[in-house]
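In the working numbering, the protein residues as written are 202 to 467.
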């Protein structure tokens, strides 16, 4: 019987193999890349080809669910799905989209990142942590752990993002004051931001949200359309890389810079 059906029966019956479900189920097509066994496309292909089994059952569905105690075999050999939480900092160049694939055949940040990573890191399934527009440069994080994505991007986390914007017009403290108080955008009020003049045509803006085109919309609302935008920092992490470069973040940086302390993934 297909693996997914076993879990459907378990959920409907309130238990698995006669025991209540006390953990959050995962699916095999996500677990393999997270643990660095195979990159996402290769993991899906291996599953569809019948090369993967869970707890003695062959699976051909990437969405087949598994429990922490299930033995996983790839080509008949046991693999360890215990996954470290990895986070990479990357200096995004302009002209690439924050998407794994693009229907207009534009370059993506994953094209840039994977070309630069060593082979042992290319096996992981990387998630972009938030987004930057096509023409926006600066700090972008990647992680193999979707919990990092949720923590950094949730508005409830109140994690700051600092941008440097080159604008049309002459920024002054008076023009920036509405941003410090919080302004209304078409999709609701924006939280008060830290805003200061950095140059004749430059504004530094720090926000604690991440809505679509938010910085551009906020500055346009006060008569300062954005000509170029660069993200300098996320939380306590400042960008310290040349364009197109990456580095791994330490546990201390995750804890102190992002306020992130996650239990090991099993």
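Note that beta-carbon positions come from the ideal geometry of N, C-alpha and C, so glycine has one too. These numbers come from a predicted model, not from an experiment.
In angstroms with no decimal places, state the Cα-to-Cα distance between residue i and residue j.
i	j	result
residue 252	residue 392	50 angstroms
residue 262	residue 314	28 angstroms
residue 156	residue 259	Residue 156 cannot be examined here, being either before or after the span of the chain that is shown, 202 to 467.
residue 428	residue 367	5 angstroms
residue 275	residue 344	24 angstroms
residue 419	residue 311	29 angstroms
residue 222	residue 449	Confidence at residue 222 is low in this model, with a pLDDT of 47, below 50, so the placement of that residue is unreliable and no value is reported for it.
residue 248	residue 230	8 angstroms
residue 241	residue 309	16 angstroms
residue 235	residue 455	18 angstroms
residue 416	residue 405	10 angstroms
residue 289	residue 342	6 angstroms
residue 356	residue 278	42 angstroms
Taking all protein chains shown into account, do 16 or more other C-beta atoms lie within 10 angstroms of the C-beta of residue i, making it buried, or fewer, making it exposed?
i	result
residue 294	exposed
residue 282	buried
residue 336	exposed
residue 443	exposed
residue 237	buried
residue 381	exposed
residue 305	exposed
So what's residue i in DSSP terms, helix, strand or just coil?
i	result
residue 278	strand
residue 305	coil
residue 251	coil
residue 348	helix
residue 337	coil
residue 298	strand
residue 342	strand
residue 408	strand
residue 332	coil
residue 258	strand
residue 271	coil
residue 210	Because residue 210 sits at a pLDDT of 49, beneath the cut-off of 50, its placement in the model cannot be relied upon, and the following sentence gives the value as read from the coordinates. In this structure, residue 210 counts as helix in the three-state DSSP scheme.
residue 324	coil
residue 463	coil
residue 380	helix
residue 233	helix
residue 266	strand
residue 355	coil
residue 395	strand
According to DSSP, residue i sits in a beta bridge with which residue or residues?
i	result
residue 416	In DSSP, residue 416 forms no bridge with anything.
residue 403	367 and 400
residue 390	385
residue 287	Paired residues: none, contrary to the question.
residue 434	363 and 439
residue 429	367
residue 449	289
Hey, is residue i's beta-carbon within less than 8 angstroms of any beta-carbon in chain C?
i	result
residue 392	Among the chains in the structure shown there is no chain C, since it carries only a single protein chain.
Check: Between the stretch 373-389 and the stretch 320-329, do at least 3 Cβ pairs fall closer than 8 angstroms?
Finding: The stretch 373-389 vs the stretch 320-329: no contact.
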